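Peer 1: Our numbering puts the first residue of the sequence shown at 19, with every later residue one more than the last.
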Amino acid sequence: MAGPTIVVVEDENSLRSDMVEYLSSCGFDAIGARDGTELDRLLQTRTAAIVILDVNLPDEDGFKIAARLRDHHGAGIIMVTARSSTVDRIVGLEIGADAYLVKPVELRELEAQVKSLLRRLSERAAESAAQSANGVASGEAAGDGADEARWSLDPTEWSLTNPAGIRISLTSMEMKLTSLLAAQARKPATRDQISQALYNRRWNPEDRSIDTVVGRLRHKVEGAIGGPAPLKSVHGVGYVFSAPIRVVGTGQG
Numbered sequence: 019m020a021g022p023t024i025v026v027v028e029d030e031n032s033l034r035s036d037m038v039e040y041l042s043s044c045g046f047d048a049i050g051a052r053d054g055t056e057l058d059r060l061l062q063t064r065t066a067a068i069v070i071l072d073v074n075l076p077d078e079d080g081f082k083i084a085a086r087l088r089d090h091h092g093a094g095i096i097m098v099t100a101r102s103s104t105v106d107r108i109v110g111l112e113i114g115a116d117a118y119l120v121k122p123v124e125l126r127e128l129e130a131q132v133k134s135l136l137r138r139l140s141e142r143a144a145e146s147a148a149q150s151a152n153g154v155a156s157g158e159a160a161g162d163g164a165d166e167a168r169w170s171l172d173p174t175e176w177s178l179t180n181p182a183g184i185r186i187s188l189t190s191m192e193m194k195l196t197s198l199l200a201a202q203a204r205k206p207a208t209r210d211q212i213s214q215a216l217y218n219r220r221w222n223p224e225d226r227s228i229d230t231v232v233g234r235l236r237h238k239v240e241g242a243i244g245g246p247a248p249l250k251s252v253h254g255v256g257y258v259f260s261a262p263i264r265v266v267g268t269g270q271g
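1. Checking contacts by CB at 8 Å: is residue 68 closer than that to chain D?
2. Rank 69, 95 and 170 by C-alpha distance to the C-alpha of residue 265 and give the top, closest one.
3. Suppose the cutoff is 7 Å on Cβ atoms and the five residues either side in sequence are ignored; what does the same chain contact list for residue 272 look like?
4. Where does residue 266 fall in DSSP's three states?
5. What residues are listed by DSSP as bridge partners for residue 169?
6. Is the beta carbon of residue 80 sitting closer than 8 Å to the one on residue 135?
7. Considering only C-alpha positions, which residue in the set 44, 39, 83 and 196 is nearest to residue 215?
8. Roughly how many angstroms lie between the CA atoms of residue 203 and residue 38, to the nearest whole one?
9. Among residues of its own chain, excluding the 5 on either side of residue 175, which ones have a beta-carbon nearer than 6 Å to its beta-carbon?
10. Would you identify the three-state DSSP class for residue 24, choosing helix, strand or coil?
11. Pick out the complete alpha helix (DSSP H) segments inside the stretch 179 to 204, 4 residues or longer, and give them in chain order.
12. Pull up the DSSP beta-bridge partners for residue 3, would you.
13. Measure the C-alpha to C-alpha separation of residue 129 and residue 121 and round it to an integer number of angstroms.
14. What did DSSP end up calling residue 2 once you bin it into helix, strand or coil?
15. Going by DSSP in three states, residue 36 sits in which element: helix, strand or coil?
16. Just tell me which of 57, 62 and 78 has its CA closest to the CA of residue 69.
17. Confirm, please, whether the CB-CB distance from residue 99 to residue 73 is below 8 Å.
18. Pick out the complete alpha helix (DSSP H) segments inside the stretch 224 to 251, 4 residues or longer, and give them in chain order.
19. Compute the Euclidean distance between the alpha carbons of residue 211 and residue 237, then round it to the nearest angstrom.
20. I need the DSSP call for residue 29, collapsed to helix, strand or coil.
21. Can you have a look at residue 116 and say buried or exposed, based on whether 16 or more other CB atoms are within 10 angstroms of its CB?
22. Is residue 184 buried or exposed, if buried means 16 or more other CB atoms sit within 10 Å of its CB?
23. Where do the N-terminal and C-terminal ends of the alpha helix (DSSP H) with residue 58 fall, by residue?
24. Do residue 173 and residue 193 have their CB atoms nearer than 8 Å?
25. Between residue 30 and residue 53, is the Cβ-Cβ spacing less than 8 Å?
26. Going by the beta-carbon positions, is the gap between residue 209 and residue 256 smaller than 8 Å?
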């Protein structure tokens, strides 16, 4: 059985072919794409663990694609470029790339970077799950006194109230999203779970409607409370409501 899916986005046919062939020989499910458009088509039907991106691509450069991937997908990102400029490297990492390689690419180094990044992504997911579990345990151990520091979600009033008592009215979509995140008890909800809750369909990686709903809710909450919203993106997973939250008005407390 093939390993994690790795997509190589490179417009140089020979290099793309070499990288795909080598990674396939290492046991990965490696696929090639010539540009961002081809990558988008692939991501409609496949979930990539890592995307290897050439910076100098036609139409849409690697930096723009990396920013788009970071906003809407959970894949790890390795940038590949002929430019050894420190500025390029910094830009790539600031956009959200996890690693950076300079051409000519040494295939063994590429393999090492891929394996290292897969380990880091796995560790992040495990750490996130552990933190969520610890947070729930701490909240339960604190007992009723912890309620004072909790957010409250009222399904009858379609409202979210912060610990300071600031009440925020929610739309239907925002209510569905917040209800799901509250039910997760500070564990991340996957994009597929969110898509099912909001639209009763599986998540399409090209569909950005989830991010739009999350962005609007985050903006609304931050505008109301004058600070950061506890609505966080979890790399490679989805979203989590990171603060303690309880559902009220339905017999739950």
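Where a beta carbon is used, it is the ideal one built from N, C-alpha and C, also for glycine. Please read these numbers as outputs of a predicted model, since none were measured by experiment.
Peer 2: Straight from the coordinates:
1. In summary, chain D is missing from the structure at hand, where a single protein chain is found.
2. The residue with the shortest Cα to Cα distance from residue 265 is 170.
3. Because the chain spans 19 through 271 in this model, residue 272 falls outside it and cannot be assessed.
4. Residue 266 falls in the coil class under three-state DSSP.
5. Residue 169 pairs with 263.
6. The answer is no: Cβ separation not under 8 Å.
7. The candidate whose alpha carbon is nearest that of residue 215 is 196.
8. Whole-angstrom Cα-Cα distance: 41 Å.
9. Here the set comprises nothing.
10. Three-state result, residue 24: strand.
11. The qualifying runs are 190 to 201.
12. Past the boundaries of the shown model lies residue 3; the chain is included only from 19 to 271, so the question cannot be answered.
13. Spanning the alpha carbons of residue 129 and residue 121 requires a straight line of approximately 14 Å.
14. In the structure as shown, the chain begins at 19 and stops at 271. Residue 2 is therefore absent and cannot be evaluated.
15. Residue state, collapsed to three classes: helix.
16. Considering only 57, 62 and 78, the residue with the shortest C-alpha distance to residue 69 is 57.
17. Yes, the pair counts as a contact, with Cβ atoms nearer than the cut-off.
18. Scanning the stretch 224 to 251 for uninterrupted alpha helix (DSSP H) segments of 4 residues or longer gives 227 to 243, listed from N- to C-terminal end.
19. The alpha-carbon of residue 211 is positioned some 22 Å away from that of residue 237.
20. Residue 29: coil per DSSP, three-state reduction.
21. Taking all protein chains in view, the Cβ of residue 116 is crowded by 16 or more other Cβ atoms within 10 Å, so the residue is classified as buried.
22. Its Cβ having fewer than 16 others within 10 Å, residue 184 is exposed.
23. From DSSP, the alpha helix (DSSP H) with residue 58 extends over 54 to 63.
24. Result yes, Cβ atoms of residue 173 and residue 193 sit closer than 8 Å.
25. The criterion of a C-beta distance shorter than 8 Å is not satisfied by residue 30 and residue 53.
26. Closer than 8 Å, so yes.
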